[in-house]
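Residue numbers (our numbering): 204 to 447. Since the structure comes first, as structure tokens, the remarks are kept for the end.
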């Protein structure tokens, strides 16, 4: 394993934003910022995300995550080892669990249709890159949600979004492992967003598309997810809100 494989493999926030700008991201960011009711799509400490916005953005991201993992399990045109398939199934089950929690607490996904890079399911390197970038964003967004819920005094929700961040960090490690990278290269998850709404630029091309993206791809139903899991389930656990 090379030093590059040990230390890289996950795009920085700067490269995420740069990539989005390359597909006309400025207009996309502006339109989705307006749609979400966000005054500015640029990072800022003064913006105060409200709980409903956080839940809706998280539900949208989790719907995207279930779409990503379901597509990999049903349509990937590259070889996946048996243990990798198990990793992906458990990740899909976890993302569905996260989504169900968010919906049960009032979260609503903006859409159930997404755009993806054209070669996502044909190029294993691209699949790993996009998956690692997405999971890095999900971890960062849940860390931001934890900060904001703590600021609002919603301690139990803060504890639960911290659980979600831990789960997404596991997925990041496993998808890096699938790609041949050292899975545990970070001493701490990357704090790339201060507010959850700062993640809008990362989500934007998956919501609206752009050069190099195809779609839309419809998110799987609960029945479709159950069918592809084939009985594989995560070990049972409870969210912080139900324990304390």
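Using N, Cα and C, we set each Cβ at its ideal position, and we do this for glycine too.
Ordered along the chain, which non-local residues of its own chain (more than five positions away) have a Cβ less than 7 Å from that of residue 320?
-> Contacts found: 329, 333, 415 and 416.
Report buried or exposed for residue 426, applying the criterion of at least 16 other Cβ atoms within 10 angstroms of its Cβ.
-> Exposed, since its Cβ has fewer than 16 Cβ neighbours within 10 Å.
Look at residue 267 and residue 409 and say whether their C-beta atoms are less than 9 Å apart.
-> A contact, by the Cβ cut-off of 9 Å.
How should residue 238 be labelled, buried or exposed, when 16 other C-beta atoms within 10 angstroms of its C-beta is the threshold for buried?
-> Its pLDDT being 48, under 50, residue 238 is placed unreliably by the model, and nothing is read from it.
Within 10 angstroms of its Cβ, does residue 285 collect 16 or more other Cβ (buried), or is it exposed?
-> Classified as exposed, residue 285 has fewer than 16 neighbouring CB atoms from the shown chains inside 10 Å of its CB.
Can you give the beta carbon distance from residue 263 to residue 423, rounded, assuming they're within the 8 Å contact cut?
-> About 15 Å separates the two Cβ atoms, so there is no contact after all.
Taking all protein chains shown into account, do 16 or more other C-beta atoms lie within 10 angstroms of the C-beta of residue 387, making it buried, or fewer, making it exposed?
-> Exposed, since its Cβ has fewer than 16 Cβ neighbours within 10 Å.
Buried or exposed for residue 336, please, with buried defined as at least 16 other CB atoms from any protein chain shown within 10 angstroms of its CB.
-> That one is buried.
Proximity of residue 347 and residue 252 at Cβ, strictly below 9 Å | Yes; because the gap between Cβ atoms is below 9 Å, this pair is in contact.
Selected residue, minimal CA-CA separation from residue 428, among 371, 349, 254 and 302 = Check the Cα spacing between residue 428 and each of 371, 349, 254 and 302: the tightest is with 302.
Taking residue 342 and residue 368 to be in contact with their CB atoms under 8 Å, please state how far apart those CB atoms are, rounded to whole angstroms.
-> Here residue 342 really is in contact with residue 368; their C-beta atoms are around 5 Å apart, less than 8 Å.
Give the DSSP-derived three-state secondary structure of residue 373 in the structure shown.
-> Reduced to three states, the DSSP call for residue 373 is helix.
Sequence-distant residues of its chain with Cβ nearer than 7 Å to residue 412 (five each side left out) | Setting aside the 5 residues that flank it on each side, residue 412 is surrounded in the same chain by 318 and 418, each with a C-beta closer than 7 Å to its C-beta; the list follows chain order.
Could you pull out every residue in the same chain whose Cβ sits closer than 6 Å to the Cβ of residue 293, ignoring the five residues on either side in sequence?
-> Excluding sequence neighbours, residue 293 sits near 437.
Please state whether DSSP places residue 435 in a helix, a strand or coil.
-> Coil at residue 435, not helix or strand.
Would you list the residues sitting across from residue 271 in a DSSP beta bridge?
-> Residue 271 is not bridged to any residue.
May I have a chain-ordered list of the alpha helix (DSSP H) segments no shorter than 4 residues that lie completely inside the segment 326-354?
-> Within the segment 326-354, the complete alpha helix (DSSP H) runs of at least 4 residues fall at 327-354.
Answer yes or no: do residue 258 and residue 313 have a C-beta to C-beta separation smaller than 9 Å?
-> Cβ distance not < 9 Å, so residue 258 and residue 313 don't count as in contact.
Taking all protein chains shown into account, do 16 or more other C-beta atoms lie within 10 angstroms of the C-beta of residue 340, making it buried, or fewer, making it exposed?
-> Burial of residue 340 is indicated by the presence of at least 16 other C-beta atoms within 10 angstroms of its C-beta.
Alpha-carbon to alpha-carbon, residue 442 and residue 309 = Computed Cα separation, rounded: 15 Å.
Compute the distance between the beta-carbons of residue 363 and residue 440, then report whether it is under 9 Å.
-> No, Cβ-Cβ distance for residue 363 and residue 440 is not below 9 Å.
Minimum length 4: unbroken alpha helix (DSSP H) runs contained in the segment 371-429 = Taking 4 residues as the minimum length, the alpha helix (DSSP H) runs contained wholly in the segment 371-429 are 403-411, in order along the chain.
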